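Same order as they appear, the protein sequences are chains A and B.
For what it's worth, the working numbering labels the leading residue of the first sequence as 1, then goes sequentially.
For what it's worth, the working numbering labels the leading residue of the second sequence as 1, then goes sequentially.
Number of protein chains: 2
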Amino acid sequence: MALVVQKYGGTSMGTVERIKNVAKRVIKTYEEGNQMIVVVSAMSGETNKLVALANEMCEIPGEREYDVMVSTGEQVAISLLAMGLQSMGYKAKSYCGFQIPIITDSSFSKARIESIDDKKIREDLKNGVIVVVAGFQGIDREGNITTLGRGGSDTSAVAVAAALKADVCEIYTDVDGVYTTDPRIVADASKMEKVSYDEMLEMASLGSKVLQIRSVEFAKKYGVVIHVRSSFNDNPGTLVMKEDADMETVLVSGISFSKDEAKVSVQRVPDKPGIAAQLFMPLSAANISVDMIIQNVSHEGYTDLTFTVPKADFKKALKIVQESAAQIAAAGVVTDENIAKVSIVGVGMRSHSGIASKMFQTLSQEGINIQMISTSEIKVSCVIDAKYTELAVRVLHEAFGLARKGA
Amino acid sequence: MALVVQKYGGTSMGTVERIKNVAKRVIKTYEEGNQMIVVVSAMSGETNKLVALANEMCEIPGEREYDVMVSTGEQVAISLLAMGLQSMGYKAKSYCGFQIPIITDSSFSKARIESIDDKKIREDLKNGVIVVVAGFQGIDREGNITTLGRGGSDTSAVAVAAALKADVCEIYTDVDGVYTTDPRIVADASKMEKVSYDEMLEMASLGSKVLQIRSVEFAKKYGVVIHVRSSFNDNPGTLVMKEDADMETVLVSGISFSKDEAKVSVQRVPDKPGIAAQLFMPLSAANISVDMIIQNVSHEGYTDLTFTVPKADFKKALKIVQESAAQIAAAGVVTDENIAKVSIVGVGMRSHSGIASKMFQTLSQEGINIQMISTSEIKVSCVIDAKYTELAVRVLHEAFGLARKGA
């Protein structure tokens, strides 16, 4: 008998009809002889409705009260699923975050899970009860309701799986696994059978939207095996797990891309100590995260500094940078919003050389100019003109042999 | 400085705009130098929406899960009101039942409050915080969410007022007080300045819908003064309080009526011990509450037994009674759904005689036949043909001098 945690997102829980389907899936796994914990998100659209209501009341809702409000979406979802399971003849019990409890810190809207009490759930499982847990929410040590931020239900599921030492944490989504790249761009993108935590983390931070980054960090920390699969079919999905020998034989596991950044160049910056700090401190103070930073070698005491910021923060960032640039007597600021970041990811890179140059060569053969480069132990990212994004992804996918076998 | 508890129902909380008005009212009383606790219901319509969702999932939702679901309505309401108060520049904090906690028994959907911890609320009040409490909900000793039944927010408010020893518990509704009778029937019905707990209890159980019966029982038990008033104007309302000397000088305080009952007569019942039990035990087992019971004196060893049941249970009751009647060899069962119960209520009756006969005389002068009579220390009820209801209420209202002064 295995202990299985299953997590269903808002789309899978979108209507009463879909929730009934979720109940049937849960029952199927239960009937195969497993103990079951189900973690669910709010019905799709519900959280947005609640947020709209809060914004109708005031422009900037109090953050404690905001969490009280949005956590009701998951509360409705758990009660509906538990009712459904019961009406199909099974013992089921729902739990809000505070009832378990799932203890978090007090950072409203982006709280971090600190501990999960497994006592009540263990008791229920022993009695054959299917346990339904509200994702996304917890309670702090003062008894305030907290939420984990968008996509937080993934983290709830992994954390519950870690606390209960579950055999697997199945995350059900509307795609049936993690792909070598976006199948909407590369038709023969292949589903990975397994991927390491580190690769998944890189892919998540490079634009892949399958799993919330923090859920992967949590899974890595506690060694929880995540199985990403579709709630609309029975295909095996992708296992996110500890790196193994197989994984290292693959040079590149996947191609990620993101069009969510914009490029800012500060020109003719006097090349002396402290200049970079003068530029980036004000951005950091404004809570704008700077991603890639490139500083060219100095010519005649001057250099160019180029970096990328999230497009959502672009206007705010530009204003700050223009002020800083004036203060340090730089020649000017030029920007480009039409850029894309294309990345190759793979733990195999650690033990193989020549991967990066193969990437540069592949892009150059198509006449794609590389504007910026950044690398880590298991990824290489290039900033290119946005209009070449799809072309770049396709040629890299082919060059590194990622196409579906038999495609 | 007084401690004021204010309770706002679903209509007063019906839209974001109305909740802003509630916030303004609360602030007004706060600015007058009072400490404030606000107890609120769900936005009108929300609870019905949740119930519909539950019924879409299954015919008979599990009662524990049902309470998890419907309690979210009040949770949304408290967060919205607290956000509103904060955005207007005031310190405010919301509490779900479990956060205070409001401890109840485990009778889901009709739980009874057992105790309320005043510690957190006292601390907030001391710091000038306006405390917003979810009505209708609590938590049992095992940590399950419970609800108090429709209208339960009145009871929440009175219980919080009792626990905190508040100076007054203001219940805001869409009428501006308790009237001598329904103003839709008697145009010159007058608003009572004050009414005793016992009178209010009789009126509530006799059809007046202003306050939930249990909230009045609670107020009586703990001596909480309730002020029933309108959330749409500033008129003083009606005080529900301990009986005082003034009240006894009034013979009749109000006229109540109800068309929610039906009459059942079992004819030619053998008049021997145990017969009544044989008739009423099965009804009680089916959870049907029998209201008035009349047994005429026996003729030749037989009697007629007549009683009333709620119209909602009429069909179920009739089937049960027909079976019982056959078993005890009664002659038959006749019924009448077109009846009304008209009642006069007043603590003054205790010390005055002739009130009942004045009622009978008044009705008879209008040719209204009295079918059944029941009395208590402070009320007389008559069952009459339903078509005379409005006429009976009007003539009694006049006969006992209840018209608005100057009307």
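Backbone N, C-alpha and C define an ideal beta-carbon position, used for all residues, glycine too.
A quick note: this is a predicted structure, and the numbers were derived from the prediction, not measured.
For chain B, is any of its Cβ atoms less than 8 Å away from the one on Thr72 (chain A)?
-> Numbered from 1 along the first sequence, position 72 holds the residue referred to as residue 72 (chain A). Put simply, the CB of Thr72 (chain A) is near chain B, with a gap under 8 Å to one of its CB atoms.
Look at the Cβ atom of Met203 (chain A), then the Cβ atom of Gly254 (chain A), and state whether they are nearer than 8 Å.
-> In the first sequence, residue 203 (chain A) corresponds to position 203, counting from 1. In the first sequence, residue 254 (chain A) corresponds to position 254, counting from 1. In this structure, Gly254 (chain A) lies closer than 8 Å to Met203 (chain A) by Cβ.
Around the Cβ of Val395 (chain A), are there at least 16 other Cβ atoms within 10 angstroms (buried) or fewer (exposed)?
-> On the first sequence, position 395 is the one that residue 395 (chain A) refers to. Per the 10 Å Cβ criterion, buried.
Under 9 Å Cβ-Cβ, which residues of chain A neighbour Phe98 (chain B)?
-> Indexing the second sequence from 1 puts residue 98 (chain B) at position 98. Taking the beta carbon of Phe98 (chain B) as reference, the chain A residues within 9 Å of it are Cys96, Phe98, Gln99, Gly143, listed in sequence order.
Alpha carbon to alpha carbon, how far is Asn296 (chain A) from Ala330 (chain A)? Give it in angstroms, no decimals.
-> In the first sequence, the residue the question calls residue 330 (chain A) occupies position 330. In the first sequence, the residue the question calls residue 296 (chain A) occupies position 296. Using only the alpha carbons, I get a separation of about 15 Å.
Return the CA-CA distance between Leu251 (chain B) and Ile355 (chain B), expressed in angstroms with no decimal places.
-> Here residue 251 (chain B) refers to the residue found at position 251 when the second sequence is read from its first residue. Here residue 355 (chain B) refers to the residue found at position 355 when the second sequence is read from its first residue. Those two C-alpha atoms are separated by around 8 Å.
Look up His352 (chain B) in the DSSP assignment and say whether it is helix, strand or coil.
-> In the second sequence, residue 352 (chain B) corresponds to position 352, counting from 1. DSSP places His352 (chain B) in coil when its eight states are reduced to three.
Counting only runs of 3+ residues fully inside the stretch 268-301 of chain A, write out the beta strand (DSSP E) ranges in chain order.
-> Entirely contained in the stretch 268-301 of chain A, the beta strand (DSSP E) runs reaching 3 residues are, in chain order, 293-295.
Interface residues of chain B around Met83 (chain A) at Cβ under 7 Å?
-> Locating residue 83 (chain A) in the first sequence gives position 83, where the first residue counts as 1. Ala54, Met57, Cys58, Pro61, Gly62, Glu65, listed in chain order.
Would you kindly report the start and end of the unbroken alpha helix (DSSP H) that includes Met192 (chain A)?
-> If you number the first sequence from 1, residue 192 (chain A) lands on position 192. No residue range can be given for Met192 (chain A), since it is assigned to no alpha helix (DSSP H) and is classified by DSSP as neither H nor E.
Do you know how far the Cα of Thr15 (chain B) is from the Cα of Ser196 (chain A)?
-> Position 196 of the first sequence holds residue 196 (chain A). Position 15 of the second sequence holds residue 15 (chain B). Rounded to the nearest angstrom, the two C-alpha atoms are 50 Å apart.
Touching by the beta-carbon criterion (3+ pairs, under 8 Å), the stretch 375-382 of chain B and the stretch 231-251 of chain B = Result no; under three Cβ-Cβ pairs closer than 8 Å.
Report the rounded CA-to-CA distance for Ser109 (chain B) versus Ile103 (chain B), giving the unit in angstroms.
-> As a working mapping, residue 109 (chain B) is identified with position 109 in the second sequence. As a working mapping, residue 103 (chain B) is identified with position 103 in the second sequence. For Ser109 (chain B) and Ile103 (chain B), the distance between alpha carbons rounds to 14 Å.
Near-chain A residues of the stretch 143-162 of chain B (beta-carbon distance less than 9 Å), N- to C-terminal order = Residues passing the 9 Å Cβ filter: Gly143, Asn144, Ile145.
Along the alpha helix (DSSP H) that carries Ala330 (chain B), what are the first and last residues, could you check?
-> On the second sequence, position 330 is the one that residue 330 (chain B) refers to. Boundaries cannot be given for Ala330 (chain B), as no alpha helix (DSSP H) includes it and DSSP labels it neither H nor E.
Check whether the Cβ atoms of Val334 (chain A) and Ala262 (chain A) sit closer than 8 Å, and answer yes or no.
-> Here residue 334 (chain A) refers to the residue found at position 334 of the first sequence. Here residue 262 (chain A) refers to the residue found at position 262 of the first sequence. For Val334 (chain A) and Ala262 (chain A), no; Cβs fall outside 8 Å.
Nearest-angstrom Cα separation, counted from Val216 (chain B) out to Ala427 (chain B) | Not covered by the structure: residue 427 (chain B). The range shown for chain B is 1 to 407.
Can you find a CB in chain B that lies within less than 8 Å of the CB of Ile78 (chain A)?
-> Position 78 of the first sequence, counted from the first residue, corresponds to residue 78 (chain A). In terms of beta-carbon proximity, Ile78 (chain A) lines the interface with chain B, with at least one pair separated by less than 8 Å.
Are any of the Cβ atoms in chain A nearer than 8 Å to that of Ser41 (chain B)?
-> Here residue 41 (chain B) corresponds to residue number 41 of the second sequence, with the count starting at 1. For Ser41 (chain B), no CB of chain A lies under 8 Å from its own CB, so it is not counted at the interface with that chain.
Rounded C-alpha distance that separates Val131 (chain A) from Gly62 (chain B) | Translated into positions along the first sequence, residue 131 (chain A) becomes position 131. Translated into positions along the second sequence, residue 62 (chain B) becomes position 62. Using only the alpha carbons, I get a separation of about 14 Å.
Cβ pair Lys93 (chain B), Asp124 (chain B) closer than 8 Å = Looking up residue 93 (chain B) in the second sequence gives position 93. Looking up residue 124 (chain B) in the second sequence gives position 124. Against a cut-off of 8 Å, the Cβ pair of Asp124 (chain B) and Lys93 (chain B) comes out as a contact.
Can you list, in chain order, the residues of its chain whose CB lies under 7 Å from that of Ala162 (chain A), leaving out five sequence neighbours each side?
-> Here residue 162 (chain A) corresponds to residue number 162 of the first sequence, with the count starting at 1. Counting only Cβ-Cβ distances below 7 Å, and skipping sequence neighbours, we find Phe218, Tyr222, Val224.
Mapping DSSP to helix, strand and coil, what is Asp182 (chain B)?
-> Counted from its first residue, the second sequence places residue 182 (chain B) at position 182. Here DSSP, grouped into helix, strand and coil, assigns Asp182 (chain B) to coil.
What first and last residue would you give for the alpha helix (DSSP H) that runs through Asp154 (chain A)?
-> Taking the first sequence and counting its residues from 1, the one referred to as residue 154 (chain A) is at position 154. Annotation: the continuous alpha helix (DSSP H) that includes Asp154 (chain A) extends over 152-163.
Inspect the beta-carbon positions of Arg229 (chain B) and Tyr172 (chain B) and report whether they are closer than 8 Å.
-> For the purposes of this step, residue 229 (chain B) is taken as the residue at position 229 of the second sequence. For the purposes of this step, residue 172 (chain B) is taken as the residue at position 172 of the second sequence. Between Arg229 (chain B) and Tyr172 (chain B), the gap from beta carbon to beta carbon is short of 8 Å.
Could you tell me which residues DSSP pairs with Ile255 (chain B) in its beta bridges?
-> Within the second sequence, residue 255 (chain B) is the residue found at index 255, counting from 1. In DSSP, Ile255 (chain B) forms a bridge with B:Ile344.
Val16 (chain A) at chain B interface by Cβ criterion, 8 Å | The residue labelled residue 16 (chain A) in the question sits at position 16 within the first sequence. Answer yes: the Cβ-Cβ gap between Val16 (chain A) and chain B drops below 8 Å somewhere.
Say whether chain B places a C-beta atom closer than 8 Å to the C-beta of Ala407 (chain A).
-> Against the first sequence, residue 407 (chain A) aligns to sequence position 407. With a pLDDT of 49 at Ala407 (chain A), under the threshold of 50, the modelled position of this residue cannot be trusted; read the value that follows with caution. No, no contact with chain B.
Taking buried to mean at least 16 other C-beta atoms within 10 Å of its own C-beta, is Ala52 (chain A) buried or exposed?
-> For the purposes of this step, residue 52 (chain A) is identified with residue 52 of the first sequence, where counting begins at 1. By the neighbour-count definition (other C-beta atoms within 10 Å, threshold 16), Ala52 (chain A) is an exposed residue.
With DSSP run on the structure shown, which of helix, strand or coil describes Gly84 (chain A)?
-> On the first sequence, residue 84 (chain A) is found 84 positions in, with the first residue counted as 1. In the three-state DSSP reduction, Gly84 (chain A) falls in the helix class (H, G or I).
Flag this pair as touching only if the stretch 19-30 of chain A and the stretch 81-88 of chain A have three or more C-beta atom pairs under 8 Å; answer yes or no.
-> At 8 Å Cβ cutoff, the stretches touch.
With 8 Å set as the bound, which would you pick, yes or no: does the beta-carbon of Gln75 (chain B) sit closer than that to a beta-carbon of chain A?
-> Along the second sequence, read from residue 1 onward, the residue named residue 75 (chain B) stands at position 75. Yes, because at least one Cβ of chain A sits closer than 8 Å to the Cβ of Gln75 (chain B).
Cutoff 8 Å: Ser357 (chain B) Cβ touching any chain A Cβ = On the second sequence, position 357 is the one that residue 357 (chain B) refers to. For Ser357 (chain B), the answer is no, since every Cβ of chain A falls outside 8 Å of its Cβ.
List the residues of chain B that Phe87 (chain A) touches, going by C-beta distances under 9 Å, in chain order.
-> Along the first sequence, read from residue 1 onward, the residue named residue 87 (chain A) stands at position 87. Inspection of the sequence shows that residue 87 (chain A) is occupied by Ser rather than by Phe. Neighbours of Ser87 (chain A) in chain B, taken as residues whose beta carbon is under 9 Å from its own, are Met57, Cys58, Glu59, Ile60, Pro61, Gly62 in chain order.
Where the beta strand (DSSP E) containing Ile37 (chain B) begins and where it ends | Within the second sequence, numbered from 1, the residue matching residue 37 (chain B) stands at position 37. Counting along the chain, the beta strand (DSSP E) containing Ile37 (chain B) begins and ends at 35-40.
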